[in-house]
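**Q** Take 2 as the starting number for the sequence shown in the working numbering and just add one per residue. Below you will find the structure I want to go over with you.
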Amino acid sequence: MSLLEDGHARRFHYLRLSVTDVCNFRCSYCLPDGYRPEGRKSFLDQAEIARVVRAFAAMGTRKVRLTGGEPSLRRDFTDIIRIVAATPGIEQVAMTTNGYRLRERAAEWREAGLTNLNVSVDSLDARQFHRITGEDKLTEVMAGIDAALAAGFARVKVNAVLLKGLNDHELSTFLDWIKTRPIELRFIELMQTGEMDALFARHHASGEAIKGQLLAAGWVQQLRAIDAGPAQVFHHPDYLGGIGLIMPYSKDFCAGCNRLRVSSVGKLHLCLFGDDGVALRDLLAADEQQEALMERVHMALGHKLASHRLHQGNSGTTPHLASLGG
């Protein structure tokens, strides 16, 4: 079976695998009313997760990011890390977390095989953090980041959704924080989803303004690694940390797409902002189905569009970012 390549000559080495859509935070840009289950859902079990990852590894995937919702809410999350890390061909196992359980679990996850860590911190001001996330947990999350560095993670990525009028004035505070810490801070432009039109209109801010400030201050843009995410990354000789900008409304944002998504109920999504996914779960019942599973993924990839349609205000069928591990 050949490596994963779409009709636009893009190759895919990176899988984002959601293990749950449950989340315990109430972020204004994602789940402002909190998690609300839609009927009874059965999330992928460990055997199904192992089969998904084995199939993607056989097709050239080298990096798997475990997402949610909040992935650490699964009681078997450490076992899931071990399963993914033990898969032949997988070189990096990452997770994206709100940091809720990071302080107590960082060392455990590291020992299980987790290699990369992204933590969401939308503000360094406790009151603003509470306002944005719905949870007064900044102190605990920051302690979790310290615990991750102490556990041996060489570098931690911190995600902050850029929100006009809420945190877009905090650049200097964030820069002071990463000057002596091995943290890559990533500002993510607010993206318009099906349920967030009013919030998008109030709070969307372009990352281009921050990019201009960084370049003017001597920051240098880095080349993008083959298995890296979509961030434009900047380094400065006087800073131990770095800055990343994820700007989905920028020109040619999708040209370097290298990732596919599988949801917590076993659907393949070719784009975060695409239409309904391709069902894979019926091919996850037995190891003997791997060839058929790989064939279905290849067939689906032939329909991947050259670009999302956010510029036309079309976010596909994605109601909110938690639904696909945004």
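C-beta atoms are modelled at their ideal positions from N, C-alpha and C, and glycine is treated no differently.
Look at the alpha carbon of residue 200 and the alpha carbon of residue 190, and state the distance between them as a whole number of angstroms.
**A** Numbered from 1 along the sequence shown, position 199 holds the residue referred to as residue 200. Numbered from 1 along the sequence shown, position 189 holds the residue referred to as residue 190. Between residue 200 and residue 190, the C-alpha separation is close to 13 Å.
**Q** Pick from 273, 284, 259: whose alpha carbon is nearest that of residue 5?
**A** Residue numbering aside, residue 5 sits at position 4 when the sequence shown is read from its first letter. Residue 5 has its Cα closest to that of 259, out of 273, 284, 259.
**Q** Is it a yes or a no for the stretch 86-99 touching the stretch 287-303, going by three-plus beta-carbon pairs under 8 Å?
**A** Because the criterion of three Cβ pairs below 8 Å is not met, the stretch 86-99 and the stretch 287-303 do not touch.
**Q** Please name the residue, chosen from 73, 95, 113, that lies closest to residue 83 on a Cα-to-Cα basis.
**A** As a working note, residue 83 is residue 82 in the sequence shown. The shortest Cα separation from residue 83 among 73, 95, 113 belongs to 113.
**Q** So is residue 295 buried or exposed if we call it buried at 16+ other beta carbons inside 10 Å?
**A** Indexing the sequence shown from 1 puts residue 295 at position 294. When all chains shown are included, residue 295 counts as buried.
**Q** How should residue 1 be labelled, buried or exposed, when 16 other C-beta atoms within 10 angstroms of its C-beta is the threshold for buried?
**A** The structure shown does not extend to residue 1, since the chain is modelled only from 2 through 327, so no value can be given for it.
**Q** Between the Cα of residue 109 and those of 49, 177, 151, spot the shortest distance and give me the residue it belongs to.
**A** Counting from one through the sequence shown, the residue named residue 109 turns up at place 108. Per the Cα distances, 151.
**Q** Considering just the uninterrupted stretch of the beta strand (DSSP E) at residue 81, what are its terminal residues?
**A** For the purposes of this step, residue 81 is taken as the residue at position 80 of the sequence shown. Careful: residue 81 lies outside any beta strand (DSSP E), inside the alpha helix (DSSP H) at 78-86.
**Q** Is the separation between the beta-carbon of residue 241 and that of residue 182 shorter than 8 Å?
**A** Walking along the sequence shown from the start, residue 241 turns up at place 240. Walking along the sequence shown from the start, residue 182 turns up at place 181. Yes; because the gap between Cβ atoms is below 8 Å, this pair is in contact.
**Q** So residue 212 is in the alpha helix (DSSP H); what residue range does that whole segment cover?
**A** Position 211 of the sequence shown, counted from the start, is the residue given in the question as residue 212. 209-217 is the extent of the alpha helix (DSSP H) around residue 212.
**Q** Would you report the Cα separation of residue 248 and residue 269, rounded to the nearest angstrom?
**A** Here the question's residue 248 lines up with position 247 in the sequence shown. Here the question's residue 269 lines up with position 268 in the sequence shown. Looking at the two C-alpha atoms, the distance is approximately 24 Å.
**Q** Out of 62, 11, 174, which one is the CA nearest neighbour of residue 18?
**A** Residue 18 sits at position 17 when you count from the first residue of the sequence shown. Checked all of 62, 11, 174; the closest Cα to residue 18 is 62.
**Q** From the DSSP output, in three-state form, read off residue 37 for me.
**A** Position 36 of the sequence shown, counted from the start, is the residue given in the question as residue 37. If DSSP states are grouped into helix, strand and coil, residue 37 belongs with coil.
**Q** Considering only C-alpha positions, which residue in the set 57, 218, 280, 161 is nearest to residue 98?
**A** The residue given as residue 98 occupies position 97 in the sequence shown. Here the closest residue by C-alpha is 161.
**Q** How long is the line joining the alpha carbons of residue 284 and residue 67, rounded to whole angstroms?
**A** As a first step, residue 284 is located in the sequence shown; it is residue number 283 there, counting from the start. As a first step, residue 67 is located in the sequence shown; it is residue number 66 there, counting from the start. Whole-angstrom Cα-Cα distance: 21 Å.
**Q** Need the endpoints of the beta strand (DSSP E) that residue 233 sits in, please.
**A** Taking the first residue of the sequence shown as 1, we reach residue 233 at position 232. 233-236 is the extent of the beta strand (DSSP E) around residue 233.
**Q** When you compare only the Cα positions, how much space is there between residue 298 and residue 71?
**A** One-based indexing of the sequence shown puts residue 298 at position 297. One-based indexing of the sequence shown puts residue 71 at position 70. Distance between the alpha carbons of residue 298 and residue 71: 26 Å.
**Q** Just tell me which of 29, 126, 130, 180 has its CA closest to the CA of residue 192.
**A** On the sequence shown, position 191 is the one that residue 192 refers to. The shortest Cα separation from residue 192 among 29, 126, 130, 180 belongs to 29.
**Q** Three-state secondary structure (DSSP) at residue 162?
**A** On the sequence shown, position 161 is the one that residue 162 refers to. DSSP places residue 162 in strand when its eight states are reduced to three.
**Q** Per DSSP, which residues does residue 95 bridge with? Please list them.
**A** For the purposes of this step, residue 95 is identified with residue 94 of the sequence shown, where counting begins at 1. Answer is 66, 117.
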